[in-house]
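Here the structure is laid out as C-alpha cells; the discussion comes afterwards.
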C-alpha cells in the first residue's frame, strides 16, 4: 500500500489527489446548505448546467470565435463558461422561485435535461472539446497543472473562509428568512452571496472532476453527516471529514483497481451512507424511546 | 401622529405581488397594549401581521413606528424546517443576531441574555434538546424566548396556540399575559380562538370580509357585537 501511495505522490497524479481532497472538503460544506434548504434537485442540475457551460466554452473554438489557446488559458476559458452558466442558472431559477411562478421542481428538472442535451450537441462536432469533457463526464483522472491546483486552492480557500466567517448569517437566512428580515438582515444579499459561493464551487469542481462526482460530493457527505451529527458544527465538520477521507481512499482504490476515480469515490460514499444508515437504524431500535412533555 | 402609539398604519393596503388582500387600513396600535388580531381563514390576518413586521412590503400606504420600537417576531412554528440540527438554545440565540455585526461572534453576555429569556418563558429545562424534537408548546416557548432576546418592545405573534393541546395553550397564554404585564410589552397576536383572545387581549382588530373593526375587548366581544360583525358577510 505504501509503495502505491508513494507511486501516486511521486507522479503527475499528485496534484489530482490534492484537487480531489479540496473537492472532498469544500463540496460538502456547500452541499450542507443545499440539503438544509431542500435544494437537492438544484444540486443535480447545477453540475450539469456547469458542464454545459464548459461545452459551450470549448464550442467557441469550433465556431472560430476564440483562437486555439494553451492548456492554462483553455482551462480559464472553460472555468469562465462554467461559472457564467452556473450563476445565470442560479439567478434565473431562484428569481422564478421567489416569484412562485410555476412548479420549482419541474423547472429545475427541465434545466437539467436541457443542459445535458445541449452539452452533447455542443460537443458532438467539436474536436477540441469532446475528448476533455467526455473524460470529465466519466469521472476520469484529469491531469492537473500546478497553476490549476493553485487556482482551485485559492478559490476554495476563499469559499471556505467566507462560509466560516459568515456562518451565523447564512444559517439565519436559511433557517428563518422572515425572522432575518425583522432583524434587518438583507436576506436577498446574503442569499446572493451564498449562491455565488455555490456557483464558484460547482464550477471549479465540475471543471476538475465532472458533474457526477461533484453532485456525489455535494449530496452524500452531508447525508452521512446528518445521520451522525448532534449539532450544526458537527454536521459541517463530519461532512468535510467524510468527503476528504472518501476522496483519498477512492483515489487509492481507483488507482489500484485501474477504474475511473469519480465513480469509485461516489460508490465509496454510497457504501458509507448505507452502513451509517443501517447502524443508525439498529441503534435507534435498541435505544428506549424518550417522551417529550408538552 | 400620536406618540403614545407604537405603530400607525395610514391608508395601508396589504397583499402579495402588488395584489391587495386588504386595503384602506388605518390603524393605531397603542404602546403597552395587548391586541388580538381576529378573522376567518384567508381573511388576511397573517398578511397584515407580516406587513407590520416588515416581512412583506405594503402594497400601498405607510406604516410609522414611534421609537423605541424593536420588533420581536414569533412565526408559526411549523414553518421552521426540522432538517436543521439546532438545539432550542441555538434557535433562541438567533434573536440576538440583529445587534451583532456580520461576521462577528456572539458575545458571552448575549448568551447570558438568551439563557435569561429561556428562563422567563419556562424553556430553560429543554434548552439543550433538539428544537425539532420538542412538543408544540415547548417550541412556542423557545420562539417567544427568541423574540424576547431581540430586546423587543413590540411582539408580533402568528397563531402561537394553533395546534397545541388545551393545557399547553393555557400555559402559553398565561406566559404572554405575564410577559405583557412584567415587561410592559406591546403585543399583537393573530388568533382564531375567541376565548383565547378574550382571556388575554385588551384590544381587538377584527377582519371580516375585507373590513377592519378595532376596539376594546369588552366592547367587541359582546354577543350582539359579534353577531353584528359576523353578519357583515350576509349583508
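Protein chains in written order, with my numbering: chain W, 57 to 350; chain R, 644 to 878. Just so you know, even glycine gets a beta-carbon here, dropped at the ideal spot from N, CA and C. This structure is a prediction, so every number in the text was calculated from the model and none was measured.
Is the CB of residue i under 8 Å away from at least one CB in chain W?
i: residue 832/R; result: no
i: residue 756/R; result: no
i: residue 729/R; result: yes
i: residue 726/R; result: yes
i: residue 714/R; result: yes
i: residue 723/R; result: yes
i: residue 745/R; result: yes
i: residue 658/R; result: no
i: residue 741/R; result: yes
i: residue 718/R; result: yes
Please check if any C-beta of chain R sits within less than 8 Å of the C-beta of residue i.
i: residue 322/W; result: no
i: residue 232/W; result: yes
i: residue 336/W; result: no
i: residue 291/W; result: yes
i: residue 340/W; result: no
i: residue 235/W; result: yes
i: residue 154/W; result: no
i: residue 294/W; result: no
i: residue 285/W; result: yes
i: residue 279/W; result: no
i: residue 239/W; result: yes
i: residue 282/W; result: yes
i: residue 288/W; result: yes
Give the straight-line distance between the Cα atoms of residue i and residue j, rounded to the nearest whole angstrom.
i: residue 290/W; j: residue 860/R; result: 50 Å
i: residue 648/R; j: residue 300/W; result: 58 Å
i: residue 339/W; j: residue 320/W; result: 29 Å
i: residue 221/W; j: residue 138/W; result: 26 Å
i: residue 679/R; j: residue 776/R; result: 29 Å
i: residue 650/R; j: residue 673/R; result: 7 Å
i: residue 63/W; j: residue 312/W; result: 11 Å
i: residue 258/W; j: residue 795/R; result: 41 Å
i: residue 325/W; j: residue 280/W; result: 9 Å
i: residue 70/W; j: residue 277/W; result: 23 Å
i: residue 235/W; j: residue 266/W; result: 38 Å
i: residue 347/W; j: residue 778/R; result: For residue 347/W, the predicted structure reports a pLDDT of 45, less than 50, and the residue's modelled location is therefore unreliable. The matter cannot be settled from this model.
i: residue 828/R; j: residue 251/W; result: 38 Å
i: residue 224/W; j: residue 744/R; result: 10 Å
i: residue 700/R; j: residue 657/R; result: 8 Å
i: residue 717/R; j: residue 808/R; result: 19 Å
i: residue 707/R; j: residue 842/R; result: 29 Å
i: residue 214/W; j: residue 151/W; result: 26 Å
i: residue 256/W; j: residue 58/W; result: 35 Å
i: residue 780/R; j: residue 722/R; result: 15 Å
i: residue 824/R; j: residue 803/R; result: 18 Å
i: residue 145/W; j: residue 105/W; result: 8 Å
i: residue 242/W; j: residue 703/R; result: 22 Å
i: residue 687/R; j: residue 846/R; result: 18 Å
i: residue 350/W; j: residue 671/R; result: Low confidence applies here, because residue 350/W scores a pLDDT of 41, under 50, leaving its location unreliable; read the following figure in that light. Computed Cα separation, rounded: 36 Å.
i: residue 216/W; j: residue 285/W; result: 20 Å
i: residue 207/W; j: residue 89/W; result: 24 Å
i: residue 166/W; j: residue 268/W; result: 18 Å
i: residue 305/W; j: residue 172/W; result: 29 Å
i: residue 101/W; j: residue 275/W; result: 12 Å
i: residue 869/R; j: residue 787/R; result: 30 Å
i: residue 83/W; j: residue 298/W; result: 11 Å
i: residue 736/R; j: residue 129/W; result: 48 Å
Mind reading off the beta-carbon distance from residue i to residue j? Whole number of angstroms is fine, and I expect it under 8 Å.
i: residue 833/R; j: residue 864/R; result: Not quite, the Cβ-Cβ distance comes to about 16 Å (not below 8 Å), so this is no contact.
i: residue 92/W; j: residue 261/W; result: Incorrect: roughly 19 Å between the Cβ atoms, too far for contact.
i: residue 734/R; j: residue 753/R; result: Not really, about 14 Å apart at Cβ, beyond 8 Å.
i: residue 149/W; j: residue 164/W; result: 6 Å
i: residue 199/W; j: residue 72/W; result: 7 Å
i: residue 821/R; j: residue 720/R; result: Between residue 720/R and residue 821/R the Cβ distance is about 20 Å, and since that is not below 8 Å, they are no contact.
i: residue 851/R; j: residue 872/R; result: 5 Å
What alpha helix (DSSP H) runs, 4 residues minimum, are completely inside the region 237-276 of chain W? Listed in chain order, they are 243-265.
Suppose only complete runs of 4+ residues qualify. What are the alpha helix (DSSP H) ranges in the region 712-778 of chain R, listed by chain order? List check, alpha helix (DSSP H) in window: 731-736 and 751-763.
If contact means a Cβ-Cβ distance below 8 Å, which residues of the region 778-793 of chain R contact chain W? Answer in chain order: 778, 779, 780, 781, 789 and 793.
Ignoring anything shorter than 3 residues, give me the beta strand (DSSP E) runs that lie fully in the region 651-717 of chain R, in order along the chain. Scanning the region 651-717 of chain R from its first residue to its last, the whole beta strand (DSSP E) runs of 3-plus residues come out as 662-673, 677-682, 703-708 and 714-717.
In the region 142-185 of chain W, which residue ranges form an unbroken beta strand (DSSP E) of at least 3 residues, counting only runs that do not cross its ends? You should have found no qualifying run.
Any beta strand (DSSP E) of 3 or more consecutive residues that is wholly inside the region 91-131 of chain W: Within the region 91-131 of chain W, no complete beta strand (DSSP E) run reaches 3 residues.
Runs of alpha helix (DSSP H) wholly within the region 841-875 of chain R (minimum 4 residues, chain order): Entirely contained in the region 841-875 of chain R, the alpha helix (DSSP H) runs reaching 4 residues are, in chain order, 860-863 and 866-873.
Relative to chain W, which residues along the region 689-711 of chain R have a C-beta separation below 8 Å, given in chain order? Flagged, chain order: 693, 696, 697 and 698.
Residues within the region 856-870 of chain R neighbouring chain W, beta-carbon criterion of under 7 Å: Look at the region 856-870 of chain R: it has no residue with a C-beta under 7 Å from a C-beta of chain W.
Closer than 7 Å, Cβ to Cβ, to anything on chain R: give me those residues from the region 213-233 of chain W, in chain order. Answer set for the region 213-233 of chain W: 221, 222, 224, 225, 228, 231 and 232.
Listed from N- to C-terminal order along the chain, which residues in the region 85-96 of chain W have their beta-carbon within a distance smaller than 9 Å of any beta-carbon of chain R? Using a CB distance below 9 Å, the part of the region 85-96 of chain W facing chain R consists of 91, 92, 93 and 94, ordered along the chain.
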